[in-house]
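Undergrad: Read top to bottom, the protein sequences are chains A and B. In short: position in the first sequence from 1, add 50, done, that's my numbering. In short: position in the second sequence from 1, add 1078, done, that's my numbering. For every residue, glycine included, the Cβ atom is placed at its ideal position computed from N, Cα and C.
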Amino acid sequence: QSVLTQPPSVSGAPGQRVTISCTGSSSNIGANYDVHWYQQLPGTAPKLLIYGNDNRPSGVPDRFSGAKSGTSASLAITGLQAEDEADYYCQSYDSSLGVFGGGTKLTVL
Amino acid sequence: QVQLVQSGAEVKKPGASVKVSCKASGYTFTTYGIDWVRQAPGQGLEWMGWISTYNGNRNYAQKLQGRVTMTTDTSTRTAYMELRSLRSDDTAVYYCARRSTSGDYDIWGQGTMVTVSS
């Protein structure tokens, strides 16, 4: 049982927009901790996708965007591409301890 | 370039200990903390703990308290994670990650597979 809740799976056709939610509580996201997002391709280490709720590291396409409100956050991917098929994880802190969402598998139809 | 390089795969028997290393290069080691994250086969990411490379302060996940120790050697720019009294459910890929000033993990090691089996 993860501290942050994500849907196990989402899917979309190429070119479409999908969103992945990350729901926390008043002790983590709601306590003003930032939310960060990672993309993990099969057999590889996670890669930072969004930091500080809504910032993209250099090299990450602007098709990826993040938002945070209250005790939840979301990751949006527009113009879906086949290469976006991966697992996505949100991450934050709870009483200074790290916490992750359970992960969401994105399937590009 | 900035990177974290981890030690190789390990196979251990139940009850044994394992120590995984994570060598940093390309940046000032003591500026950023190191977190350890593990991933059991087919499962999600699990945060294990954090160590300050500046002063050695640590935070561990509650479920691992008493079995895990994280250390650093600033002379070799290397972080270590030791896990004791291994069980089969400790079988996982273990990652080290650099914690940026924003709290995200901007650099990851390549992962170390630890298999616990009799």
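Any C-beta of chain A sitting closer than 8 Å to the C-beta of Tyr1158 of chain B?
TA: no
Undergrad: For the candidate residues B:Asp1182, B:Asp1184, B:Thr1156, B:Cys1174, whose alpha-carbon lies nearest to that of Thr1198 of chain B?
TA: Outside the shown range of chain B (1079 to 1196) lies residue 1198 of chain B, about which nothing can therefore be said.
Undergrad: Beta-carbon of Phe114 of chain A versus every beta-carbon of chain B: anything under 8 Å?
TA: No, because no Cβ of chain B sits closer than 8 Å to the Cβ of Phe114 of chain A.
Undergrad: Would you list, in chain order, the members of the region 1128-1159 of chain B that have their beta-carbon closer than 9 Å to a beta-carbon of chain D?
TA: Protein chains in the displayed structure are A and B, and chain D is not among them.
Undergrad: By DSSP, does Gln90 of chain A sit in helix, in strand, or in coil?
TA: Looking at Gln90 of chain A - three-state DSSP - the assignment turns out to be strand.
Undergrad: Which residue from B:Leu1082, B:Leu1142, B:Lys1091 puts its Cα closest to that of Gly1127 of chain B?
TA: B:Leu1142
Undergrad: Kindly confirm or deny that the region 1186-1193 of chain B and the region 1086-1102 of chain B touch, where touching means at least three C-beta pairs closer than 8 Å.
TA: yes
Undergrad: Throw me the rounded Cβ distance for the Thr1169 of chain B and Pro1092 of chain B pair, which I believe falls under 8 Å.
TA: Wrong, their Cβ atoms sit about 10 Å apart, outside the cutoff.
Undergrad: 8 Å is my cut-off, CB to CB: does Gly1086 of chain B come that close to chain A?
TA: no
Undergrad: Which of the three DSSP states, helix, strand or coil, is assigned to Lys1141 of chain B?
TA: helix
Undergrad: Is the beta carbon of Leu1164 of chain B less than 8 Å from the beta carbon of Val1096 of chain B?
TA: Going by C-beta atoms, Leu1164 of chain B is nearer than 8 Å to Val1096 of chain B.
Undergrad: Can you confirm whether Ala126 of chain A, when its beta carbon is compared against all beta carbons of chain B, has any partner nearer than 8 Å?
TA: no
Undergrad: Expressed to the nearest angstrom, what Euclidean distance is found between the alpha-carbon atoms of Gly152 of chain A and Pro64 of chain A?
TA: 25 Å
Undergrad: Counting only beta-carbon separations shorter than 8 Å, does Gly1104 of chain B have a partner in chain A?
TA: It does not; no Cβ of chain A falls within 8 Å.
Undergrad: Please name the residue in A:Leu99, A:Thr55, A:Thr121, A:Ser77 whose C-alpha comes closest to that of Asp134 of chain A.
TA: A:Leu99
Undergrad: Determine the contact status of Trp1125 of chain B and Ala1102 of chain B, defining contact as a CB-CB distance below 8 Å.
TA: no
Undergrad: Using a beta-carbon distance below 8 Å, is Asp84 of chain A in contact with chain B?
TA: yes
Undergrad: Would you say Val60 of chain A and Thr154 of chain A are within 8 Å of each other, going by their C-beta atoms?
TA: yes
Undergrad: Return no unless some Cβ of chain A is closer than 8 Å to the Cβ of Gln1188 of chain B.
TA: yes
Undergrad: Find the residues of chain B that neighbour Tyr138 of chain A, judging by a C-beta separation of less than 9 Å, and give them in chain order.
TA: Correct list: empty, because the minimum Cβ distance to chain B is about 11 Å.
Undergrad: Hey, quick one: how far does the beta strand (DSSP E) through Thr73 of chain A stretch, first residue to last?
TA: Thr73 of chain A -> beta strand (DSSP E) spans 68-73.
Undergrad: Can you grab the Cα-Cα spacing for the pair Asp1176 of chain B / Val1115 of chain B, in whole Å?
TA: The question names Asp, but residue 1176 of chain B is Arg in the sequence shown. Cα-Cα distance, rounded: 11 Å.
Undergrad: Excluding the 5 residues flanking Gln141 of chain A on each side, which residues of the same chain have their C-beta closer than 6 Å to its C-beta?
TA: For Gln141 of chain A, where only same-chain residues beyond five positions count, the Cβ hits under 6 Å are His86, Phe150.
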